[in-house]
Structures are given as structure tokens and as C-alpha cells.
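> Dumping the structure here so I can ask a few things about it.
Chains as they are written, first to last, in this note's numbering: chain E, 1 to 404; chain B, 1001 to 1196.
What follows is the structure in C-alpha cells.
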């Protein structure tokens, strides 16, 4: 059927946010949220800087993981020459184009390194054999160098893919797709390595004695399912808001739902494998991390993740009809986004509050500030561009896509 | 839809896919092109036939829609089989480790459920796969060593270059006189009545 649509370009008016559409107001609203959150952080954080840094780290990791998940998704689409997903690829490209913004939002954390990471306090390694052993890796100059490398790699890849894909909207040059496909393989390797090391630097080293060789995959699993959940919500919301109504069909929602379903199982597989081997081997420097999360009220969060990040969405998303309707898919997406946030909360917060769950207004303020910047950047880009790669050579294939 | 001349796509409930009784198996009509077949299927569907099938040498996109094929009950069989396997595996391990033959293994409690998860998962997957394969065979009444359609000489070309509709005689709307006329009016190249 593809041949009938060959060389078809989508009319831009079907794939842009029209003037006067309510979605044009999102950047302003999100910007106001960001300012409100920043003000809250400034006022509340002055009294409790340690809590501020942890809250900020949590929100930073949550939104960064969504952007990295988007980068993974688009790279996979190119590398596998996926056809169905072209119509939702631009949404992913817009989300990972925020990586340079996330680099700026990382800067406040540099002022709280001593509060966040006990290994960074001068003299921490003097009476600690393990930290002395790890000092060649866990030291502040190398930590900063690595962060610069991560953001350099991610920004380079994100802007390259974003700019070339947008350039193709004007030129329709199929060579761009071929070039980006060739680059996708090496880019996936670079992204997998950098995101693994970043997750170890920023999350694992909160508990510097602990190590887990699976943590990089665990971070990837969370990032990817978080982004697919966001993409499902956005695709359904755009259809409900009268955008891309002729472009994104129930077939595309169905495939997003399948991804979401598959990755609830993938996340559970990875999360359980990490827990299981550590629980079974029962070595002190490995169990310390899970012990903290199985005591007091943290145990409730652990059980919530088991049921809410796997059990409930796994059975909810199993049926076919649920994945093909916008609102039921979006419900699953919102739920999994919330669970992804709980997952990050559960990774970060037991370090500062080992005694149990201690929600803070700073959690909310930091979420508004970081999330506001993230949404402002994304929605601002969406106003200025087509929401679909208008002249991608495989767009026709994606538009005509049907599940068999 | 992959080619499967033996598949009857209109099973009303599980395993009622019996062969028709009576003097005739049904009617076989041959069409020259997939387009003819596609439009003929739409008409046969709209006429209200329920015990019939289409046979093609290669998958024809959208033919299931043109035939009005309903969704298979197979996913439910797979779900039930998978849950049975998982429950069986978990129960077996509980019985062995915590009830029948309790042993302390690496200092863990008798009922150490995390240790049971891998086998629970594996048996859940295994039983689900059995459910999928055996359920598919049962729903299609396979293996089947002979089928009345094979009486037809023309039908041998179904794996080569011809397209067929077969309507079985136990369809409530089947009429040994009127149904062949209907198929001819839909552009069938040849129509033959097959004996049981």
C-alpha cells in the first residue's frame, strides 16, 4: 500500500499548533510555574539547604531521565528503521532537545556536593578503606569532568538529531535519514555508556559503599518507560486537543501501548534481578542499599513499586481495547509517570531520610521549578515547528500503518 | 493473515469447529485476482454467512476486515494457561520448601518468596506458550489428515495463483441452489459443489 503514498508530504497546517489554540499558552503557564517553584526553592531552601539539594536532585533526575528516554527511543527508531513511529518521533525529538536546559539545571547541584555526596567531603576517605579504594573514581575534579562529558555527549547528539530532522522538514532530503541511521548505532553505545556512568555518579554514589553492576540498566529501564508513558499521554492529549487528529491513529496508540506494556515487564525483570542477586548473596556492602529501603515506611514505597510499577499496569495494559483508546492509554501513561517519579524518589530520598518518608514542600517547589523549565522549553519548541517530521521518507509508511 | 487453507475463521465458541454433516461439504468458488476475492468476501459477509472461509496463496491486507472475522479467543486461553503455570510453580515451591521438606538454605526463612520468583516466571511463560500452541491447534482442529476441500482439483492452485471462497453447508444461509448463483454473480471463475 505504501507505493500509493510515495513522496507524499504532509500539509504543515495538519501538523502544527494553529494560532489561537489553547496549547499556545502552555509555555507561559509552565514558565510561571517555574518562577513560582524557583521562588519557593529560594525561600524554603535558604533554611534547609540539604533538603533543597536532595529535592532538586530528585526532580532533575526525573526530567533528565525522560529526556534521555526520548533520545534512546529516537535512536532505536533510526537504528531499526522503524516505520510505525515516525508520526510520534518529533515529539521525542522535542523532548530530548531540552538536554542543554537540563545541563543548566544541573548547576545548582554543584553547590551542594558535600550535602549530597558524603564521599566528596574532604577527609571522608581518611578512615574509610572502601572510600580510599574508590577515591581514584569518586573525587570532585573527576566527578565534574565526567558530568561535563555526559552533558557534552548528550547535547551534541540531541542537537544533531533535532536540527537535522527539522532541516529535513524543509529539504525533504532522504540522505539525512540515511546519515542519521548510520550514526544511530554508535550513538546508542555512547548514550548507554554515558547514562550508565551518570546514574552511578548521581544516584549510586549517594550511598558510596554500595555498588550494583545492574544499576545502569535499571536507570535505562526507568527512563525508557517514563518517556514512553509521557509520549502516550502526549499523543492521546494532542488528539483530544484537536492536534494531529489526522496523523496519529488508534494504530499508533496501540503500538505505544504495546511498548508501555512490554517495558513494565522489562522494568520489573531488571528491578527484580538487581534485588534478587543482592538478596541471595547477602553481602554487607551490597545489601546496605536495599536494607535502607526495606525498613520503616520505606518498605511501603518498595511494595508500592512492586504493585504499582509492575503488577497493576501489567494487567491493566494487557488488553487490546485499553491500548487503542486515547483516554485509557493516557490513564496508564499518567499512572506509570507517577510510578517512575516514586521510583526516583525511592532511589534518592532514603539517603537523607533513612528514618522514613518525609515529604517536604521543597520537593514540590523543586518539581515545579525543574518541571516548569522542562515543559516551557518543550512547549516553546512545539509552537515553532511541525509536530511531525513532515517530509521524512518513511512518513507515508507510518501514516498508513496498521496492526495486523 | 498467513495462508492457512484449513483455518476456519468463524468459530462461534471453543472447539465447535466441526465438519458439516449431510450430503455436501459445501461450495468452493475460485476467483482470478485478490481484488475480486476481496470484494466478494465483503458481499458474502454482508449476506450474513457465518460458516465460510477465504483461501489465498499470500496474505491479503485487510482481508480479515472484509470477511468480518471476529477476534480469536486464543489470548484468553494464553492468559489462563500462564496464570495457572505461575500459580502451580509458586504453590509447588511453597509446598516443597515450606511444608513437605523444610530445609534451611543459606540462612533464609523456609518461605523465601523472592527465591521462588524465577521458577514462577519461567513456568508462567512455559504454560502460556503451551496454551498458545495447543490452543491454536485445537481451535483450528489440527492436526487434520484430510479435508473435503482437497477433493477439488482446482483447489491445488491455492498455493500458486488462485483465490478461493468456501462456504460450508451447515451455514444457516447455505442453499445448494442459490449460493452457487450468488458466488457466480460476484465474479467467480468457477464454482463447484463438494461432497462430504
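Think of the CB as a built atom: it goes at the ideal place given N, C-alpha and C, for glycine as much as any other residue.
Only a predicted model underlies this, so the values are computations on that prediction, with no experimental measurement involved.
Looking at the strands, I want to know which residues DSSP matches up with residue 1194(B).
Per DSSP, 1026(B).
> Could you tell me the alpha carbon to alpha carbon distance between residue 405(E) and residue 180(E), rounded to whole angstroms?
Not covered by the structure: residue 405(E). The range shown for chain E is 1 to 404.
> Count the CB pairs spanning the segment 86–102 of chain E and the segment 29–40 of chain E that are closer than 8 Å, and state whether there are at least three.
With a cut-off of 8 Å, the segment 29–40 of chain E and the segment 86–102 of chain E do not count as touching, because too few Cβ pairs lie within range.
> With a threshold of 7 Å on Cβ separation, who are the neighbours of residue 381(E) within its own chain once the five nearest residues in sequence on each side are excluded?
For residue 381(E), where only same-chain residues beyond five positions count, the Cβ hits under 7 Å are 94 and 97.
> Over the uninterrupted beta strand (DSSP E) stretch that includes residue 1055(B), give me the two end residues.
First-last of the beta strand (DSSP E) with residue 1055(B): 1052–1055.
> Our contact map puts residue 331(E) next to residue 260(E) with C-beta atoms below 8 Å; I'd like the distance itself, whole angstroms only.
At roughly 11 Å, the Cβ-Cβ gap does not stay under 8 Å, so residue 331(E) and residue 260(E) are not in contact.
> Distance check for residue 234(E) and residue 1151(B), CA to CA, integer angstroms please.
Roughly 56 Å between the two C-alpha positions.
> Which residues does DSSP pair with residue 1199(B) in a beta bridge?
With chain B running from 1001 to 1196 in the structure shown, residue 1199(B) is simply not present.
> Below 9 Å between beta carbons is the criterion; list the residues of the segment 1096–1130 of chain B that meet it against any residue of chain E, in chain order.
Answer set for the segment 1096–1130 of chain B: 1106, 1107, 1108, 1112, 1114, 1115, 1117, 1118 and 1121.
> How about residue 280(E): is its C-beta nearer than 8 Å to some C-beta of chain B?
Yes, contact with chain B.
> Under 8 Å between the Cβ atoms of residue 198(E) and residue 161(E)?
Cβ atoms of residue 198(E) and residue 161(E): not closer than 8 Å.
> From residue 176(E) to residue 375(E), what distance separates their C-alpha atoms?
Computed Cα separation, rounded: 28 Å.
> With C-beta atoms as the reference, is residue 348(E) less than 8 Å away from residue 206(E)?
Yes; because the gap between Cβ atoms is below 8 Å, this pair is in contact.
> In angstroms with no decimal places, state the Cα-to-Cα distance between residue 1142(B) and residue 170(E).
About 55 Å.
> Check residue 306(E) in the structure and name its three-state DSSP category.
Looking at residue 306(E) - three-state DSSP - the assignment turns out to be helix.
> In the DSSP assignment, find the alpha helix (DSSP H) that holds residue 32(E) and state where it starts and stops.
Segment 26–47, the alpha helix (DSSP H) holding residue 32(E).
> Assuming residue 114(E) is part of the alpha helix (DSSP H), what are its boundary residues?
Segment 113–116, the alpha helix (DSSP H) holding residue 114(E).
> Run the CB neighbour count on residue 392(E), radius 10 Å, all protein chains shown included, and call it buried at 16 or more, exposed below.
Label assigned to residue 392(E): buried.
> At the 8 Å Cβ level, is residue 272(E) part of the contact set with chain B, yes or no?
So yes, residue 272(E) belongs to the interface.
> According to DSSP, is residue 1103(B) helix, strand or coil?
Here residue 1103(B) sits in coil by DSSP.
> If the cut is a Cβ gap below 9 Å, which residues of chain B does residue 435(E) touch?
This structure gives no information on residue 435(E), because the portion of chain E shown stretches from 1 to 404.
> For residue 6(E), decide whether its Cβ has a neighbour in chain B, counting only Cβ atoms nearer than 8 Å.
Only weak support exists for where residue 6(E) lies, its pLDDT of 48 falling under 50; the value from the coordinates is given anyway. Chain B, which has no Cβ nearer than 8 Å to the Cβ of residue 6(E), makes this no.
> For a test of the three-state rule: what should DSSP assign to residue 206(E), helix, strand or coil?
Looking at residue 206(E) - three-state DSSP - the assignment turns out to be helix.
> Rounded to a whole number of angstroms, what is the C-alpha to C-alpha distance between residue 148(E) and residue 157(E)?
Approximately 14 Å, taken between the alpha carbons.
> Assuming residue 104(E) and residue 155(E) make a contact with CB atoms under 8 Å, what is their CB distance in whole Å?
That pair is no contact at about 11 Å.
> How long is the line joining the alpha carbons of residue 254(E) and residue 203(E), rounded to whole angstroms?
Roughly 34 Å between the two C-alpha positions.
> Pop quiz: residue 1056(B) and residue 1034(B) are said to be a contact at Cβ under 8 Å. What is the actual Cβ separation, rounded to whole angstroms?
Yes, they are in contact, since the Cβ atoms of residue 1056(B) and residue 1034(B) sit about 7 Å apart, within 8 Å.
> Note the first and the last residue of the continuous alpha helix (DSSP H) segment covering residue 1082(B).
Run containing residue 1082(B): 1074–1094, per the alpha helix (DSSP H) assignment.
> Could you tell me whether the Cβ atoms of residue 1032(B) and residue 1165(B) are closer together than 8 Å?
No. Outside cutoff.
> Please classify residue 355(E) as buried or exposed, where buried requires at least 16 other C-beta atoms within 10 Å of its C-beta.
It counts as exposed.
> For the alpha helix (DSSP H) that residue 238(E) lies in, which residues bound it at each end?
Element bounds for residue 238(E): 215–240.
> Would you kindly work out how many angstroms separate the C-alpha atoms of residue 24(E) and residue 384(E), rounded to a whole number?
Whole-angstrom Cα-Cα distance: 10 Å.
> With a cut-off of 8 Å on the beta carbons, I'd call residue 55(E) and residue 366(E) a contact; round off their distance for me.
Between residue 366(E) and residue 55(E) the Cβ distance is about 4 Å, and since that is below 8 Å, they are a contact.
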